[in-house]
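> Chain order of the listed sequences is A and B. Using the working numbering, the first residue of the first sequence is number 46, and each one after it goes up by one. Using the working numbering, the first residue of the second sequence is number 46, and each one after it goes up by one. Quick one: the structure is below, and I'll ask about it shortly.
2 protein chains.
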Amino acid sequence: MRFSTSASSMRSSAIRELMSLASKPDIISFSGGMPNNDLLPVQEIDEIYNSLSPAVKKQALQYGPTGGYPPFLESLKGFLKEKGLPVEDNGLIVTTGSMQAISILSKIFIDPGDRVITEYPAFIGAISAFKSFQADFETISLDDDGANIQELENILNSSKPLPKFVYVTPYFHNPAGILYSKQRRQELMQALKGHDVILIEDDAYGELYFDEKDKELTVPIKATGPETVPICYTSSFSKYIGPGLRIGWLLAPNEIIEKCDLAKQSLDACTSTLSQVLAHEFLVQNRLPDYLAKLRKAYKKRSELMLEALDAVMPEGVTWTRPKGGFYIWVTLPEQLNAMDILKKTIDKGAVFVVGNTFDPLGERNNCMRISFCNTPEDKIAHGVELVAESIKSFL
Amino acid sequence: MRFSTSASSMRSSAIRELMSLASKPDIISFSGGMPNNDLLPVQEIDEIYNSLSPAVKKQALQYGPTGGYPPFLESLKGFLKEKGLPVEDNGLIVTTGSMQAISILSKIFIDPGDRVITEYPAFIGAISAFKSFQADFETISLDDDGANIQELENILNSSKPLPKFVYVTPYFHNPAGILYSKQRRQELMQALKGHDVILIEDDAYGELYFDEKDKELTVPIKATGPETVPICYTSSFSKYIGPGLRIGWLLAPNEIIEKCDLAKQSLDACTSTLSQVLAHEFLVQNRLPDYLAKLRKAYKKRSELMLEALDAVMPEGVTWTRPKGGFYIWVTLPEQLNAMDILKKTIDKGAVFVVGNTFDPLGERNNCMRISFCNTPEDKIAHGVELVAESIKSFL
């Protein structure tokens, strides 16, 4: 019996290992990247389901066009237009999570050995998608204002063939938790100008700002221009309405969307029509604003509890980001510490997080960790952070 | 602006063109490959949705494990076990339609230039999936009892490197409508014995037999053994409960499923949990038997109407299959006719079907056509067939 697989099928099983670690009963989990169960819009979805006509319910069980259920494409365009996005001059495709959007772009554009520039740290799903099509990586570092543009320019101006993509997540970064400053965004687009690369702007958390004053910084780069290189804008409802629906999308130049549509035909034919019908109604029944307001308040509270705990118990030499939205805090340990050692000790003590190494496309650096507050009950956060701090102290 | 795409992204837009042709208003469509809208289980899904507890509704909106929502994996195993499938000795993964199962297998196993053996005609989705990973094709012809085994042996025994897959759809074939005989199945497995290939057994329609006496021929090859080569068994609920849910699965040797799980992580993370919850309840509430009985009766009736019409109006020299289940009849025209000419004329007259060329991986043959009865109102079938016959006669 032979299983000689294609070269592109080699993958690390890091995600699975971490998921199994994180699922021990009673453990305080800072490892999740999903909305808190108690915040999911069960009542809203109930009301929406029961408002559907029999004809629409039939459509929900039927195939839809590969590019998306047409009424949802329309309401989604409205939602994106409100964010200032250029929906008229671009194509839009509904994907099975934004994960699929990144995966399709990889399938279309990446040949083995092609390079991709990502931030370090970077979203593990995107790393996996690029890797599964055998991309090579260059990384640029992050500070509180965004990616290091000098490092980006150095890569773009080197003598090697240009990378295919620059992949960034400017809004409440996963895992770093940061929000790009206005200036950094402008510098990014300036640096890309004249280079033959595509920018993937991944925006899964932008609606989850904690304070109204930060809203203006969540307006997508693709909405503010100038589009000095083609921008593929990916987003999803996974962090807002619920990941179980698997609703994501890609807004990109028409000729890219046409290729994505063809690729998606042979990947899964179309995204769940039922999910698209529910997402469409969420939008047209105007349920998103109130629901998002509730989420912002809840995640802000959890974030504050976590920051208070970190301020109170973390030893000197440990630093962390102070998120203005989203799900995550990124903790940097003193250079000599290894996050995997600390993870093991922390699991023994009864808490879990994700080691920074997971988010390193190069797989080299491991003195950081992602602690997420999105899915942890409020009354567990302080104690969980104490357990992490105790583990760190035991290595100092 | 550059869009230098990867070599694997080249695709024909034949499907899209045909879909747009088929969607003209008032046209009698024999082109659909989906369940009839009026047969979709809207009431059953309503009752199921309203029977869900709040806790399950939360789960339905949440991420699930990549391999599948655990309760559904269990109930699905029960369903497959009843068909005699070896669920204990194999791995099972839920996929976003069986389309995704075929696509993932292609991603894992096919390197550019690898060969795949399919029947001619063959399911266009599978052709697309193999092509999108740059497979080359060999085809084996079909008769009423299944694939031509001598042709298969000739390919397997040639001096070229072995193909990666042999792909067959033995049960109410799409598009050919045929059902493999017991003997042909045995000959198939005998021919494969000792060769280092994987058999993909695609079973999307097997439950839709028109007569109880044919049920025994729908027991999967994977259920009856001996498994002389590894068998990857793909199936879905798209033709039973509804394609809008995007629920498919793959039952295959454990080491293949492990690779599929890793690949799926970077494709769409998981299949819609909501869809899996509904499919699970469809099974555990034991709703499938009655519902399938209703479908069998309805599609049998449509098939009879279509066969009656064909018998009545088709000119001499035209032949067709007589399906014992499923959705499709495969019509073979006299050699000198071209199905595309006839399609154009038929559309002018007010009906539409799919040209046989669409189902030819080699893209060469075009004197056949698929006419489907699944999605055509009963009272339109006879007239539609008349229009097709008139078009054919005009070329004789």
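Positions of the beta carbon are idealized from the N, C-alpha and C atoms, including for glycine. All values reported here derive from a predicted model rather than from experimental measurement.
Just to confirm my understanding: we take F210(B), look at its own chain, exclude 5 residues before and 5 after, and list those with CB closer than 6 angstroms. What are they?
Residue 210(B) sits at position 165 when you count from the first residue of the second sequence. Counting only Cβ-Cβ distances below 6 angstroms, and skipping sequence neighbours, we find V161, I243, I245.
> Can you name the start and end residues of the alpha helix (DSSP H) that Y94(B) belongs to?
To locate residue 94(B), count along the second sequence from 1; it is residue 49. Note, Y94(B): alpha helix (DSSP H), 87–96.
> Which residues in the same chain as K128(A) place their Cβ atom closer than 7 angstroms to its Cβ, once the five residues preceding and following it in sequence are excluded?
Position 83 of the first sequence, counting from 1, holds the residue named residue 128(A). Excluding positions up to five away in sequence, the list reads V264, P265, A268.
> Start and end of the beta strand (DSSP E) containing R415(A)?
In the first sequence, counting from the first residue as 1, residue 415(A) sits at position 370. For R415(A), the enclosing beta strand (DSSP E) stretches over residues 413–417.
> Leaving aside the five residues before and after L382(B) along the sequence, list all residues of the same chain whose C-beta is less than 8 angstroms from its C-beta, in chain order.
In the second sequence, counting from the first residue as 1, residue 382(B) sits at position 337. Hits under 8 angstroms: N412, I437, F440, L441.
> Residues of chain B with CB under 8 angstroms from V87(A), in chain order?
Indexing the first sequence from 1 puts residue 87(A) at position 42. Those are P99, K102, K103, L106, listed as they occur along chain B.
> Can you tell me where the alpha helix (DSSP H) holding Y336(B) begins and where it ends?
The count along the second sequence starts at 1 and reaches residue 336(B) at position 291. Taken as a continuous stretch (DSSP letters only), the alpha helix (DSSP H) holding Y336(B) covers 333–358.
> To be precise: take each residue of the segment 310–323 of chain B, compare its Cβ to all Cβ atoms of chain A, and keep it if any distance is under 9 angstroms. Which residues remain?
Q310, S311, L312, D313, A314, C315, T316, S317, T318, L319, S320, Q321, V322, L323
> Mind pulling the chain A residues with CB within less than 8 angstroms of M144(B)?
The sequence position of residue 144(B) within the second sequence is 99, counting from 1. The answer, in chain order, is S311, L312, D313, A314.
> Please report the residue range of the alpha helix (DSSP H) in which F182(B) lies.
Here residue 182(B) refers to the residue found at position 137 of the second sequence. Looking at the DSSP string, F182(B) is not in any alpha helix (DSSP H); the run it does join, the beta strand (DSSP E), is 181–188.
> Can you give the beta carbon distance from L137(B) to K126(B), rounded, assuming they're within the 8 angstroms contact cut?
For the purposes of this step, residue 137(B) is taken as the residue at position 92 of the second sequence. For the purposes of this step, residue 126(B) is taken as the residue at position 81 of the second sequence. At roughly 11 angstroms, the Cβ-Cβ gap does not stay under 8 angstroms, so L137(B) and K126(B) are not in contact.
> Write down the C-beta distance between D190(A) and K369(A) rounded to the nearest angstrom, noting that I regard them as a contact closer than 8 angstroms.
Translated into the one-based positions of the first sequence, residue 190(A) becomes position 145. Translated into the one-based positions of the first sequence, residue 369(A) becomes position 324. Not a contact, Cβ separation roughly 12 angstroms.
> Counting only the same chain and skipping the five closest in sequence on each side, list residues whose C-beta sits under 8 angstroms from that of A52(B).
Your numbering for residue 52(B) matches position 7 in the second sequence. With a pLDDT of only 45 at A52(B), under the threshold of 50, the placement of this residue in the model should not be trusted, and no figure is reported.
> Tell me the DSSP bridge mates of L295(A)?
Here the question's residue 295(A) lines up with position 250 in the first sequence. The partner list for L295(A) (beta bridge, DSSP) reads I138(A), T279(A).
> Check whether chain C comes within 8 angstroms of T421(B), counting only Cβ atoms and requiring the distance to be less than that.
The structure shown contains no chain C; its protein chains are A and B.
> Among residues of its own chain, excluding the 5 on either side of L407(B), which ones have a beta-carbon nearer than 7 angstroms to its beta-carbon?
Start at 1 with the first residue of the second sequence, and residue 407(B) comes out as number 362. Within the same chain, L407(B) has close Cβ partners F182, T184.
> Under 8 angstroms, do I292(B) and Q321(B) count as touching if we go by C-beta distance?
Counted from its first residue, the second sequence places residue 292(B) at position 247. Counted from its first residue, the second sequence places residue 321(B) at position 276. For I292(B) and Q321(B), yes; Cβs fall inside 8 angstroms.
> Whole angstroms are fine: how far does the CA of E300(A) sit from the CA of L312(B)?
Indexing the second sequence from 1 puts residue 312(B) at position 267. Indexing the first sequence from 1 puts residue 300(A) at position 255. Taking the straight line from one Cα to the other gives about 22 angstroms.
> Contact check, Q330(B) vs I169(B) under 8 angstroms by CB: the rounded distance?
Taking the second sequence and counting its residues from 1, one reaches residue 330(B) at position 285. Taking the second sequence and counting its residues from 1, one reaches residue 169(B) at position 124. Contact flag wrong, Cβ pair sits at about 34 angstroms.
> Between the segment 277–293 of chain A and chain B, which residues of the former have CB atoms less than 7 angstroms from a CB of the latter, in chain order?
Here the close residues are G287, P288, G289, L290, R291.
> Between K309(A) and the rest of its own chain, which residues show a CB-CB distance below 8 angstroms, the 5 nearest in sequence each way excluded?
Counted from its first residue, the first sequence places residue 309(A) at position 264. Excluding the 5 residues flanking it on each side, K309(A) has same chain C-beta neighbours closer than 8 angstroms at T111, G112, I138, T140, Q145, I149, C315, in chain order.
> Cα separation between I374(A) and Y278(A)?
Residue 374(A) sits at position 329 when you count from the first residue of the first sequence. Residue 278(A) sits at position 233 when you count from the first residue of the first sequence. If I take the Cα positions, the gap works out to 24 angstroms.
> Hey, R347(B) and I426(B): beta-carbon distance below 8 angstroms or not?
For the purposes of this step, residue 347(B) is identified with residue 302 of the second sequence, where counting begins at 1. For the purposes of this step, residue 426(B) is identified with residue 381 of the second sequence, where counting begins at 1. It is a contact, given that the beta carbons lie within the stated cut-off.
> Name the chain A residues whose beta carbon is nearer than 7 angstroms to that of N82(B)?
By 1-based counting over the second sequence, the position of residue 82(B) is 37. Those are K103, Q107, listed as they occur along chain A.
> Consult DSSP for L378(A) and reduce its assignment to one of helix, strand or coil.
Your numbering for residue 378(A) matches position 333 in the first sequence. Under the three-state reduction of DSSP, L378(A) is assigned to coil, being neither helix nor strand.
> Should P334(B) go down as buried or exposed, given a rule of 16 or more other Cβ atoms within 10 Å for buried?
To locate residue 334(B), count along the second sequence from 1; it is residue 289. So P334(B) ends up on the exposed side.
> Of all the residues that make up the segment 68–79 of chain A, which are near chain B by a beta-carbon distance shorter than 8 angstroms?
Residues of the segment 68–79 of chain A that bring their beta carbon within less than 8 angstroms of a beta carbon in chain B comprise M79, in sequence order.
> Taking any Cβ of chain B, which residues in the segment 170–189 of chain A have a Cβ under 8 angstroms from it, in chain order?
So the close ones are G170, S173, A174, K176, S177, F178.
> Let's test the definition: count the other Cβ atoms within 10 Å of the Cβ of P115(B) and tell me whether it reaches 16, buried, or not, exposed.
The residue labelled residue 115(B) in the question sits at position 70 within the second sequence. P115(B) is exposed by the Cβ-count criterion.
> Taking a contact to mean a Cβ-Cβ separation below 8 angstroms, would you say V274(B) touches H240(B) in this structure?
Start at 1 with the first residue of the second sequence, and residue 274(B) comes out as number 229. Start at 1 with the first residue of the second sequence, and residue 240(B) comes out as number 195. V274(B) places its beta carbon less than 8 angstroms from that of H240(B).
> Could you have a look at R230(A) and say whether DSSP puts it in helix, strand or coil?
The residue given as residue 230(A) occupies position 185 in the first sequence. Helix.
> How is the beta strand (DSSP E) around V264(A) delimited, first residue to last?
Here residue 264(A) refers to the residue found at position 219 when the first sequence is read from its first residue. Counting along the chain, no beta strand (DSSP E) covers V264(A), and no H or E run does either.
> Closest by CA to M359(A), which one among A434(A), V400(A), L337(A)?
In the first sequence, the residue the question calls residue 359(A) occupies position 314. When only C-alpha atoms are compared, the closest one is A434(A).
> Starting from the beta carbon of S148(B), find every residue of chain A whose beta carbon is closer than 7 angstroms, and list them in chain order.
Here the question's residue 148(B) lines up with position 103 in the second sequence. Simply S311, L312.
> Are any of the Cβ atoms in chain A nearer than 8 angstroms to that of R230(B)?
Mapped onto the second sequence, residue 230(B) falls at position 185. No, its Cβ sits nowhere closer than 8 angstroms to a Cβ of chain A.
> What's the gap between the Cα of L201(B) and the Cα of T163(B)?
As a position in the second sequence, residue 201(B) is number 156, starting the count at 1. As a position in the second sequence, residue 163(B) is number 118, starting the count at 1. For L201(B) and T163(B), the distance between alpha carbons rounds to 13 angstroms.
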